[in-house]
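Protein chains in written order, with the working numbering: chain L, 491 to 810; chain C, 581 to 954.
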């Protein structure tokens, strides 16, 4: 009980800091732009928060529950398109003061849509294990992308332009904090031990009365829900959605964050999400060789820290 | 705490190396220097750099030199928004040049529009690009025109009655061009025998090509990009589909003949420009380009990119200022400007009114066939 109230306090502090920092950062961007902080850095900070949501939610599936999913970008696409479509069709009818309400409704709906699709994908495919599951989720991720690419309602290959620019620092980082909180509390709860049991040994877990399929589906649905939220934030941040943003490489990027951070270790995964967002930006000076340098750095990190960035909490029963 | 430490130390690395002030006019460019359409970005970048160098040797604009800042989009969606945001808010560019692919220009356009920074796309042909706002311009023709040109070419020059259309479902450019082609070709009394799709980046097109062959068309219109087109032509020859293949400006790349070899012989495509024809301006461009880039012949994309920088410099000169609104107004008033790819007059939709050329692939070279005026 004490641990939970402590976590709740950190969550509240994180949200308050994010909300308080947002107008300050925007003020700096407006008045002191170009010197030390500007719209580009603010954009990168928001990218970081979105990637933290994606990586931490995938960590619940891939890390804590030990199921190898390669379809996270697909769920992100579902959330992004759902939220964008909703705000695009309603924003003209909604007064300015109600915009945050519409935005939160859109994000929530995007998350729920992704969760429903996650349930549809997860329920049959999570009866598979390991490599087979990876291939099935990869396939589903691609199906989702192709559906958006060919549906005129969602802009087909053109994509959805002119989405409102509503994602700001406060939204992105508050939701990142909520994601970390929910995943951490879930895994550390009595119920959540089931995820780790499933991860450690499915046969032993089911012998102890834990239903592995149910836990796997739960992890999958919750992971998909947060991926959908991240998709909604992404849509209102980049202001343009194109099916090619959600291809298989995007899923791989998120998987790399989880593996680099250390499967099932939230602090490491958060650090990896930050590094893997900042690194490609910081390497822009290398121009054409940027992606080579980036890949070499990832290879280097993997060789030096194959167990993940942080190994704290390894000795404990719960890996947060 | 560790989390915070990481983020701050990394941010600090990012923050260093910015904020230098100098008396140059900064111009931003975003291009696909790497990735799937890398030759597009490379060609454009060479054209833009050459134009900037020439403008600077001639004394620059408003007594200042131009500085070109280039960012790579990796031919990927999601990147243009980030890099254009960087160019505008961190580097403080006065205008943005780019991109070739329409979908990536469409992504960057709202950001330029919001920041009131003029953007000139050198060769995005989808009509929607300049519809993004009144700060968005281009210096190439648009797909309805290109589609019409190729449909008339199929009817008149190829004397084709039945055409199959093979479209890249992933690309908005391809779908748009296919639509405008179909409209004009059927209006000309022709029939479309088959409409099939592929996904850009596919390697095996035999299933669709077999289906196309079964409808025995007089020609196949492939409004795609060169990487796919070259492979499509090779596999068509293997299947014995020996009818003319033709397409749009997405074919324009040295790589087309490099990959396609004899399979692309006798194909046709429409594009913006050919080095054999044109004004004194275009002849001197070809000469300078060859000198600057080790004897390389410029393609249409370098020519368009050269023109985009040239049109911008002209507008800044006429505006007498680098202020977004004034440059925008000057760009909108561009009239009768002698450029490499023809005479450029910007219309009320911020598109230029200019001609297209049709080329034929012959002996591994692009041979000029005809010019079509709007």
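The beta carbon of each residue, even a glycine, is placed where N, CA and C say it ideally should be.
Here the structure is a predicted model, which means the values were calculated and not measured.
Residues sharing a beta bridge with residue i, DSSP
i                     : result
residue 801 (chain C) : C:745 and C:826
residue 717 (chain C) : C:700
residue 724 (chain C) : Residue 724 (chain C) pairs with nothing; no bridge assigned.
residue 749 (chain L) : In the DSSP output, where bridge partners are listed per residue, residue 749 (chain L) has none listed.
residue 606 (chain C) : C:647
residue 938 (chain C) : C:850 and C:950
residue 777 (chain C) : C:747
residue 675 (chain C) : C:607
residue 836 (chain C) : Paired residue(s): none; residue 836 (chain C) is not in a bridge.
residue 641 (chain C) : C:644
residue 650 (chain L) : L:731
Exposed unless 16 or more other CB atoms sit within 10 angstroms - verdict on residue i
i                     : result
residue 584 (chain L) : exposed
residue 891 (chain C) : buried
residue 751 (chain C) : buried
residue 771 (chain L) : buried
residue 617 (chain C) : buried
residue 667 (chain C) : buried
residue 660 (chain L) : buried
residue 842 (chain C) : exposed
residue 726 (chain L) : buried
residue 770 (chain C) : buried
residue 601 (chain C) : Confidence at residue 601 (chain C) is low in this model, with a pLDDT of 47, below 50, so the placement of that residue is unreliable and no value is reported for it.
residue 643 (chain L) : exposed
residue 506 (chain L) : exposed
residue 900 (chain C) : exposed
residue 586 (chain L) : exposed
C-beta atoms of residue i and residue j nearer than 7 angstroms
i                     : j                     : result
residue 824 (chain C) : residue 742 (chain C) : no
residue 833 (chain C) : residue 936 (chain C) : no
residue 750 (chain L) : residue 762 (chain L) : yes
residue 802 (chain C) : residue 865 (chain C) : no
residue 714 (chain L) : residue 604 (chain L) : yes
residue 624 (chain C) : residue 881 (chain C) : yes
residue 663 (chain C) : residue 610 (chain C) : yes
residue 910 (chain C) : residue 889 (chain C) : no
residue 685 (chain L) : residue 755 (chain L) : no
residue 904 (chain C) : residue 696 (chain C) : yes
residue 694 (chain C) : residue 712 (chain C) : no
residue 616 (chain L) : residue 706 (chain L) : yes
residue 559 (chain L) : residue 549 (chain L) : no
residue 766 (chain L) : residue 792 (chain L) : no
Three-state secondary structure (DSSP) of residue i
i                     : result
residue 932 (chain C) : strand
residue 601 (chain C) : Since pLDDT at residue 601 (chain C) reaches only 47, below the 50 mark, its modelled position is unreliable, and the value read off the structure follows with that caveat. Three-state DSSP puts residue 601 (chain C) in coil, outside helix and strand.
residue 783 (chain C) : coil
residue 863 (chain C) : helix
residue 544 (chain L) : helix
residue 922 (chain C) : strand
residue 652 (chain C) : strand
residue 680 (chain C) : coil
residue 772 (chain C) : strand
residue 945 (chain C) : strand
residue 773 (chain L) : helix
residue 789 (chain C) : helix
residue 515 (chain L) : helix
residue 917 (chain C) : strand
residue 495 (chain L) : helix
residue 795 (chain L) : coil
residue 608 (chain L) : helix
residue 619 (chain L) : coil
residue 958 (chain C) : Since the first residue shown for chain C is 581 and the last is 954, residue 958 (chain C) is missing from the structure and cannot be characterised.
residue 555 (chain L) : coil
residue 581 (chain C) : Summary for residue 581 (chain C): the model assigns pLDDT 43, below 50, so the residue's position carries little reliability, and this model does not support an answer.
Got a sec: which bits of the segment 710-728 of chain L sit with their beta carbon under 9 angstroms from any beta carbon on chain C, in order along the chain? Listed by position along the chain: 724, 727 and 728.
Listed from N- to C-terminal order along the chain, which residues in the segment 668-696 of chain C have their beta-carbon within a distance smaller than 7 angstroms of any beta-carbon of chain L? Listed in sequence order: 669, 670, 672, 683, 686, 687 and 690.
Could you name the residues of the segment 600-630 of chain L whose beta carbon sits closer than 7 angstroms to any beta carbon of chain C, in the order they occur along the chain? Listed by position along the chain: nothing, the set is empty.
Would you list, in chain order, the members of the segment 604-619 of chain C that have their beta-carbon closer than 8 angstroms to a beta-carbon of chain L? Per Cβ criterion, the list reads 613 and 614.
Against chain L: residues of the segment 734-756 of chain C by CB proximity under 7 angstroms: Interface annotation for the segment 734-756 of chain C against chain L: 749, 750, 751, 752 and 755, criterion Cβ-Cβ distance under 7 angstroms.
Between the segment 630-662 of chain L and chain C, which residues of the former have a C-beta closer than 7 angstroms to a C-beta of the latter? Using a CB distance below 7 angstroms, the part of the segment 630-662 of chain L facing chain C consists of 639, 640, 647, 648, 649, 651 and 652, ordered along the chain.
What residues in the segment 676-702 of chain L bring their beta carbon closer than 8 angstroms to a beta carbon of chain C? Only those residues of the segment 676-702 of chain L whose C-beta falls short of 8 angstroms from the nearest C-beta of chain C would be listed, and there are none.
When you check each C-beta in the segment 781-799 of chain C against every C-beta of chain L, which residues fall closer than 7 angstroms? For the segment 781-799 of chain C, which is checked against every Cβ of chain L, not one residue is closer than 7 angstroms.
Could you list the residues in the segment 522-553 of chain L with a C-beta less than 9 angstroms from some C-beta on chain C, going in chain order? Residues 523, 524, 525, 526, 527, 528, 529, 530, 531, 532, 533, 534, 535, 537 and 538.
Where the segment 648-663 of chain C meets chain L: residues whose CB sits under 9 angstroms from a CB there: Correct list: 650, 651, 652, 654, 656, 657, 658, 660, 661, 662 and 663.
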